[in-house]
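Novice: Sharing a structure with you now.
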Amino acid sequence: MTTRPCRITGCPRNAAPHYRMCHTHRCRQWRFGNPHQKHATPDPIAIDTAVRDRRPPAGMTPKERAAAGVQLTNLGLPASEIARIFAVTPRTVTRWRAASRATQTA
1 MTTRPCRITG
11 CPRNAAPHYR
21 MCHTHRCRQW
31 RFGNPHQKHA
41 TPDPIAIDTA
51 VRDRRPPAGM
61 TPKERAAAGV
71 QLTNLGLPAS
81 EIARIFAVTP
91 RTVTRWRAAS
101 RATQTA
C-alpha cells in the first residue's frame, strides 16, 4: 500500500487509508464542515412565504426552515404545530428556538 500526503496544505501527515486527507483533517471537516465551501444566505422571500402560507415552499434549505420556524414561534404557534408544518420533530423546533435565543444574546 502506498502512502500519500494529506491534501491540506502544510499538513505533514500521511492521508488515511482510502482517503485524501489525514485522520485529523477528516474529523475536523466532518465536525465543522469544509471551511472553503461557500454557504448560501437564507432567502427572505422563501421564509416569508412559508410563514404566510403555513407550509414550506419546495427547495427550502435547513437554515431557511429554521428561520421560518422561529418567526412562526414569534407569532405564537406551538412547537408541535411548527414541527408538523416543516415535517420535523418538536425537539428540532426547540433547538431552533434555543439557537435563535443564543444568537440574540450574543
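Everything in the sequence shown is counted per full-length UniProt numbering, starting at 1 for the first residue and increasing by one. Even for Gly, the Cβ is constructed at its ideal location relative to N, Cα and C. Keep in mind that this is a model prediction, so the values were computed, not measured.
(1) Check whether the stretch 23-31 and the stretch 55-62 touch, using three or more Cβ-Cβ pairs below 8 Å as the test.
(2) For the alpha helix (DSSP H) containing Ala83, name the first residue and the last one.
(3) DSSP beta-bridge partners for Asn14?
(4) Would Ala98 be called buried (16 or more neighbouring beta carbons within 10 Å of its own) or exposed?
(5) For Gly33, count neighbouring C-beta atoms within 10 Å of its own C-beta (all shown protein chains included) and say buried if the count is 16 or more, exposed if not.
Specialist: Straight from the coordinates:
(1) Result no; under three Cβ-Cβ pairs closer than 8 Å.
(2) For Ala83, the enclosing alpha helix (DSSP H) stretches over residues Ala79 to Phe86.
(3) DSSP, once it has assigned bridges, lists Pro5 as partnering Asn14.
(4) The residue in question, Ala98, is exposed, as its Cβ has fewer than 16 Cβ neighbours within 10 Å.
(5) Exposed, because fewer than 16 other Cβ atoms sit within 10 Å of the Cβ of Gly33.
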